[in-house]
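K.L.:
Residue numbers (the numbering used here): 5 to 322.
(1) Taking 8 angstroms as the threshold (C-beta atoms), are residue 217 and residue 223 in contact?
(2) Within the chosen definition, does the region 135-149 reach the region 240-255 through at least 3 CB pairs nearer than 8 angstroms?
(3) Is it the case that the Cβ atoms of residue 326 and residue 179 are separated by a distance below 8 angstroms?
(4) Assuming residue 60 contacts residue 176 under a Cβ cut-off of 8 angstroms, what Cβ separation, rounded to an integer in Å, is found between them?
(5) So the alpha helix (DSSP H) residue 128 belongs to, where does it begin and stop?
(6) Between 116, 98, 10 and 86, which has its C-alpha nearest residue 41's C-alpha?
(7) Please say whether residue 289 and residue 273 have beta carbons closer to each other than 8 angstroms?
(8) Quick one, are the C-beta atoms of residue 219 and residue 208 less than 8 angstroms apart?
(9) Could you have a look at residue 322 and say whether DSSP puts it in helix, strand or coil?
(10) For residue 282, which residues of its own chain have a beta-carbon under 6 angstroms away from its beta-carbon, when the five flanking residues on both sides are left out?
(11) Suppose you measure from the CA of residue 133 to the CA of residue 120; what does that come to, to the nearest Å?
(12) For residue 244, report the span of its alpha helix (DSSP H) as first-last.
(13) Can you name the residues that DSSP bridges to residue 46?
(14) Determine the direct distance from the alpha carbon of residue 270 to that of residue 202, and round the result to whole angstroms.
(15) Pairs of beta-carbons, one from the region 152-167 and one from the region 17-25, closer than 8 angstroms: are there three or more?
(16) Short of 6 angstroms in beta carbon distance, which residues of its chain neighbour residue 88, apart from the five on each side in sequence? Order them along the chain.
(17) For residue 23, is the classification buried or exposed, using 16 other Cβ atoms within 10 angstroms of its Cβ as the cut-off for buried?
(18) Applying the criterion that 16 or more other CB atoms from any shown protein chain within 10 Å of the CB defines a buried residue, is residue 123 buried or exposed?
(19) Could you check what DSSP says for residue 185 in three-state terms: helix, strand or coil?
(20) I need the boundaries of the beta strand (DSSP E) containing residue 316, first residue and last residue.
(21) Return yes when the Cβ of residue 318 is within less than 8 angstroms of the Cβ of residue 268, no when it is not.
(22) Tell me whether the beta-carbon of residue 128 lies closer than 8 angstroms to the beta-carbon of residue 194.
(23) Suppose you measure from the CA of residue 52 to the CA of residue 252; what does that come to, to the nearest Å?
(24) List the endpoints of the continuous alpha helix (DSSP H) containing residue 351.
(25) Could you check whether residue 166 and residue 7 sit closer than 8 angstroms to each other, using their CB atoms as the reference points?
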């Protein structure tokens, strides 16, 4: 889903006969090795827009990003070398996975994976969750209301391929999905300074709280901020059975940590209350100090989900 221009890109996967011709490859652009000067330029540009509070600049770049991805087939290749159009036919292992950056040669870092912390490249938050099918429509409508109220607020998400959605099915595995639903995957800018607020931070925080609290979304185990995991384990009806198995196979807690104990509801909570804690998703703000009042960001109710508490920029102070 590309929120700002109100567009959705659908991807349909299907099986064909094993003797069908085709040597397609998924080489997603964002997972390729990229020249380090290019990575630095892209990051510096976004940092500039953040510092200047220029949503319009992000929106312009978002249009370029979306247009480029669409024109190049999101990195798909029909014959392992070029994208010539749809459909793309190939082996399952070449189409359902991507990551040519990991196969690249060590070149002394004239090029690097975009997420390589040794160079100036991407640094981002991720908010990923599943919402039951019975609630998905209402959640999407709430997000659309937010987008319509602040049209430029989600351009930053489009720089990271928009809001990814995929259908998921329920399973009786102890920590699996409790019901059929939709996964939502949102990636967005993160400052290297944990005390620095983000452009339109309140909108993404409201979506995050709306999904996890209002619509009871279950968090992805690896791609979320602390607040998404707070008491989240209670959403899993079989957690008791899981803990029995955990105790049987790991009675001394060899594979446990303070973090896993917090997430699994064994001891403590993943929430950390301190100055600026809401900026990094360590807490949901309950007072202005949890945001960045000296930089003009205060704890306020959400615009659509009024029970949300988000760090909102007030006035022109940054």
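Just so you know, even glycine gets a beta-carbon here, dropped at the ideal spot from N, CA and C. Here the structure is a predicted model, which means the values were calculated and not measured.
P.N.:
Taking the definition as stated:
(1) no
(2) no
(3) Residue 326 lies beyond the stretch modelled for the chain, which goes from 5 to 322, so this question has no answer here.
(4) That belief does not hold up - the Cβ atoms of residue 60 and residue 176 are roughly 49 angstroms apart, past 8 angstroms.
(5) From DSSP, residue 128 is part of no alpha helix (DSSP H) but of the beta strand (DSSP E) over 128-136.
(6) 116
(7) no
(8) no
(9) Low per-residue confidence applies at residue 322: pLDDT is 38, beneath 50, and the placement is therefore not dependable enough to give any value.
(10) 289, 294, 295 and 315
(11) 25 angstroms
(12) 243-253
(13) Note: residue 46 sits in no beta bridge, so no partner.
(14) 33 angstroms
(15) no
(16) 82
(17) exposed
(18) buried
(19) strand
(20) 313-317
(21) no
(22) yes
(23) 53 angstroms
(24) The first residue shown for the chain is 5 and the last is 322, placing residue 351 beyond what the model contains.
(25) yes
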